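Read in numbering that gives the first Met the number 0, the sequence shown has 25 at position 26, and its numbers run on one by one without any break. What follows is a set of notes on a single structure, which appears directly below.
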Amino acid sequence: MRVKTDERRSAILEAAAQVFREEGYDRASMSMIAERVRGSKMTLYSYFPSKEELFWAAMVDAVSAQRGEKVLAILDSSEPDVAKVLRDFGEAYLRLFTARAAIAITRTAVSEGAANKALSSLLYNRGPKRVLDALTCYLAQLQKKGLVCELDPLIGAVQLKGLFDAGIVEPLLFGTRPELNQARAVEAAVSTFLRAYDSA
Numbered sequence: 000m001r002v003k004t005d006e007r008r009s010a011i012l013e014a015a016a017q018v019f020r021e022e023g024y025d026r027a028s029m030s031m032i033a034e035r036v037r038g039s040k041m042t043l044y045s046y047f048p049s050k051e052e053l054f055w056a057a058m059v060d061a062v063s064a065q066r067g068e069k070v071l072a073i074l075d076s077s078e079p080d081v082a083k084v085l086r087d088f089g090e091a092y093l094r095l096f097t098a099r100a101a102i103a104i105t106r107t108a109v110s111e112g113a114a115n116k117a118l119s120s121l122l123y124n125r126g127p128k129r130v131l132d133a134l135t136c137y138l139a140q141l142q143k144k145g146l147v148c149e150l151d152p153l154i155g156a157v158q159l160k161g162l163f164d165a166g167i168v169e170p171l172l173f174g175t176r177p178e179l180n181q182a183r184a185v186e187a188a189v190s191t192f193l194r195a196y197d198s199a
């Protein structure tokens, strides 16, 4: 039965992804998705409690979710080379968050945010907020070890994420070419951040 259940879930996700891409989040409905998968809305809700949850699951597949966990795991405070950790994290973070699916999700969150607080909150909390939380925790650990100077870890996390994003994410959201290549952006971000907060 488990194999059949997993297959059904995969079929629902595939159908949902197609409908969301074709119709956009707002116009897409659970009825459309149920029709596409040749099932009922009741079946959809037995797998996903809301349209928002189904959107997230359909647009962020299991592979991407696992990749996200691996990106956050790079922030290892036991590694003494802070610059290397930040460079590795920055490169992995940008690869993940500049992927086509990630950009599409961000655009949806922005365009639908005013009308659908549940969706925008879910997308923010499972995306950017998790990055900020991980960076905040990492910087707090570095501060305890004396590897960075006195700082508010949350402010440092916001600033560092902003440096990684600068010149890369915003142009992609507008459908145009980034101002910088990712390697250059990450190197500049880490250099700027450590000049401000390095304890040496």
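C-beta atoms are modelled at their ideal positions from N, C-alpha and C, and glycine is treated no differently. Please read these numbers as outputs of a predicted model, since none were measured by experiment.
- The DSSP-derived three-state label of valine 36 is coil.
- In this structure, DSSP gives valine 59 a state outside helix and strand, which the three-state scheme calls coil.
- Boundaries cannot be given for isoleucine 167, as no alpha helix (DSSP H) includes it and DSSP labels it neither H nor E.
- When DSSP assignments are scanned along the segment 101 to 155, the uninterrupted stretches of alpha helix (DSSP H) that are 4 or more residues long and fall wholly within it turn out to be 116 to 125 and 127 to 143.
- Taking the Cβ atoms as the reference, isoleucine 167 lies roughly 6 Å from glutamine 181, within the contact range of under 8 Å.
- The beta carbon of alanine 27 sits closer than 7 Å to those of Val18 and Phe19, all from its chain and outside the five residues before and after it, given in chain order.
- Bridge pairing for aspartate 25: absent [DSSP].
- Under the three-state reduction of DSSP output, aspartate 87 falls in the helix class.
- Counting the other Cβ atoms within 10 Å of the Cβ of phenylalanine 173 gives fewer than 16, which makes it exposed.
- Assignment of aspartate 197 by DSSP, reduced to helix, strand and coil, places it in the strand class.
- Assigned with DSSP and collapsed to three states, glycine 67 falls in helix.
- In the structure shown, arginine 176 adopts coil according to DSSP, grouped into three states.
- Under the three-state reduction of DSSP, phenylalanine 47 is assigned to coil, being neither helix nor strand.
- Nearest C-alpha to glycine 23 among Thr105, Arg129 and Glu169: Thr105.
- Excluding sequence positions up to five before and after glycine 112, its CB lies within less than 8 Å of the CB of Leu118 and Ser119, all in the same chain and listed in chain order.
- Judged by their CB atoms, arginine 86 and valine 185 are nearer to each other than the 8 Å cut-off.
- In the assembly as shown, threonine 107 is a buried residue. Its beta-carbon has 16 or more other beta-carbons within 10 Å.
- Shown here for glutamine 140: same chain residues with a beta carbon closer than 6 Å to its own, the five before and five after excluded, namely Ser76 in chain order.
- Lys116 is the residue among Lys128, Lys116 and Phe192 whose C-alpha sits nearest the C-alpha of lysine 50.
- Within the model, the alpha-carbon separation for isoleucine 102 versus serine 198 is close to 35 Å.
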